[in-house]
C-alpha cells in the first residue's frame, strides 16, 4: 500500500511539473484527465502537489538561488516547505484541484527550485500527510538500529517504504540509501514486506547467512547461530558459506562473497517454502510450510517443527520474565509443537511431558536439565532403545500440549504480547 501511494504522489508531482513547463498538449490533457478520474487518490495527490507548489510562492527564490545551496541548506528549505504545507492542510487552506492555480505559477527559476526541492523531499522521504508512521529518512553511512524489549512487538517503516515487523527482544539494523538497501538481523525475529526495486536488491545478513530479495514478504527468525527463513510471497535467495558449516575459518575479508561459489551454498525459495541455516549444520534443504505457521509469532504463537531445545530456549527468553537456560547435555533434543507466548509455564511443562527433561530452579534461573539418572543418556530411558528419536518415548507423542497447567511451585510468567 505504501509503495502504491508513493507512486501516485510521484506521478502527481510529475504532472504538476509538466503543466507548469509550457502546459499540456490536447493529447496530454486528455491523458491527464483520464489519470485524474481513474482513482479518487489521484485527485487527492494532485491537490497535495498543487498546495506544495502554491506554498512555493512565499519563498524569495532569487535570494535562494544567489547563495550556494548545499545539502543541509536544501534539507532545511525542504523541511520548512513541508512544515508550511502541513499547517495549511491542517487549517483547511488547501481546497483541492482548481484550474486557476495552474496559471498562477511563474516559469523559469522558480520552477527549477521547485523541482530541486521535490527531489530533496524524495531523497529525505519527507512524510507528506503520513503522520508518525512515516519512513525514516535515507541514511548515507551509519545504519538505523531498531530494538524491541522483551515481550513486545513493533512495526517500523524504512526509508524505501519497506515494512518491518519486529518480534519481542529483537534487534534489527538497516541502511537504506538511494543506491543501496542493506540490513542485519542481530537477534530475534522480523517479518519484512519489501518494496520492489530491481535496481536495489534488499540484502539482509544474519550471522553467516545472507538473504537477498528484490521485492517480497518473508519471515526471519534468528536463534543464536541458526536462521529460519520462510517466504509468504515472491522469491528469496538464501546463501550460507560451506566453510562455516564445516567448522573451518572463513576466508579473510569478503573473499567468500566474491565469486567463490564453491564455498557458498544457496537456496532459492518461493511462496510457501522455508529453509534453515546454521553454523553447525550449514544450509538445509528447502521444505514447505503451512501458511498459518508462517510468522505465527505475530499473533502470539510459537510454532516448532523438530526444533532443538537450544532454539526453543532462545525464544522463551524473548518473552519470559525470568531467564531460562538449557543444559548442554540436552540442548540438541528436538520436538514439535505450538505454544502461546503468554503461557511460558505451559511451554516448559510441555517440554517435561514430551522430552526426557525436567525444569529446575537455580539461583533465579530455570534450568532445563536431563531427567535421567547420571550416566544414562538424555535420549534413552528404561524400556526405550537408543535408536528411538529424541523427543519421543514409548507411547508418547513428541508434540507437547500447550495447555497443560504448570506445577504449583512455579511462578507464572505473563509477558506482554
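In the numbering used here, the protein residues as written are 858 to 1274. Using N, Cα and C, we set each Cβ at its ideal position, and we do this for glycine too.
Residues near residue 1080 by beta carbon distance below 6 Å, same chain, minus five either side:
1168, 1171
What is the C-beta distance between residue 1087 and residue 1146, in whole angstroms, given that I count them as a contact (C-beta under 8 Å)?
5 Å
Tell whether a beta-carbon distance below 8 Å holds between residue 1132 and residue 1148.
no
Ignore the nearest five residues each way along the sequence and tell me which others in residue 1204's own chain have a CB closer than 6 Å to its CB.
1196
Straight-line gap, residue 1023 to residue 1157 (C-alpha atoms, nearest Å)
13 Å
Tell me whether residue 864 is buried or exposed, calling it buried when 16 or more other Cβ atoms sit within 10 Å of its Cβ.
exposed
Run the CB neighbour count on residue 1123, radius 10 Å, all protein chains shown included, and call it buried at 16 or more, exposed below.
exposed
From 1046, 1136, 1141, pick the residue whose C-alpha is nearest to that of residue 1130; which is it?
1141
Give the straight-line distance between the Cα atoms of residue 964 and residue 900, rounded to the nearest whole angstrom.
Here residue 964 scores only 43 on pLDDT, less than 50, and its place in the model should not be relied on; the value that follows carries that caveat. Computed Cα separation, rounded: 23 Å.
Give the DSSP-derived three-state secondary structure of residue 1250 in the structure shown.
For residue 1250, the predicted model reports a pLDDT of 35, less than 50, meaning its position is unreliable and no value from the coordinates is stated.
Give me the Cα-Cα distance between residue 1030 and residue 1162, rounded to the nearest whole angstrom.
28 Å
One question on the structure: do residue 1074 and residue 1094 come within less than 8 Å of each other, judged by their Cβ atoms?
no
Threshold first: 3 residues or longer. Then list the beta strand (DSSP E) segments lying entirely within the stretch 1034-1077, N to C.
1038-1050, 1059-1063, 1066-1070
Own chain, CB closer than 6 Å to residue 868, minus 5 neighbours either side, in chain order:
none
Backbone secondary structure at residue 862 - three-state DSSP:
helix
Here's the rule I'm using: 16 or more other beta-carbon atoms within 10 Å means buried, otherwise exposed. How should residue 888 be labelled?
exposed
What's the C-alpha gap between residue 1180 and residue 872?
58 Å
Do the CB positions of residue 1044 and residue 1027 come within less than 8 Å of each other?
yes
Beta-carbon proximity of residue 1041 to residue 1025, cut-off 8 Å
no
From 1003, 885, 1224, 1057, pick the residue whose C-alpha is nearest to that of residue 1184; which is it?
1224
If you count every other CB in all the chains shown that lies within 10 Å of the CB of residue 1067, and 16 or more means buried, which is it?
buried
Using a threshold of 8 Å, state whether the C-beta atoms of residue 1012 and residue 1021 are closer than that.
yes
For a test of the three-state rule: what should DSSP assign to residue 1188, helix, strand or coil?
coil
Among the residues of its own chain, which have a CB less than 6 Å from the CB of residue 1019, if the five just before and after it don't count?
1051, 1052
Count the other CB atoms, across all protein chains shown, that sit within 10 Å of the CB of residue 1005; report buried if there are 16 or more and exposed otherwise.
buried
Under 8 Å between C-beta atoms of residue 1077 and residue 1046
yes
Start and end residues, alpha helix (DSSP H) containing residue 885:
883-895
What's the gap between the Cα of residue 1222 and the Cα of residue 1178?
10 Å
Under 8 Å by Cβ, that's how I've got residue 1210 and residue 1190 pegged, so tell me the actual separation to the nearest angstrom.
At roughly 13 Å, the Cβ-Cβ gap does not stay under 8 Å, so residue 1210 and residue 1190 are not in contact.
Indicate the three-state DSSP secondary structure (helix, strand or coil) for residue 1022 in the structure shown.
strand
Environment of residue 883 [buried if 16+ CB atoms lie within 10 Å]
exposed
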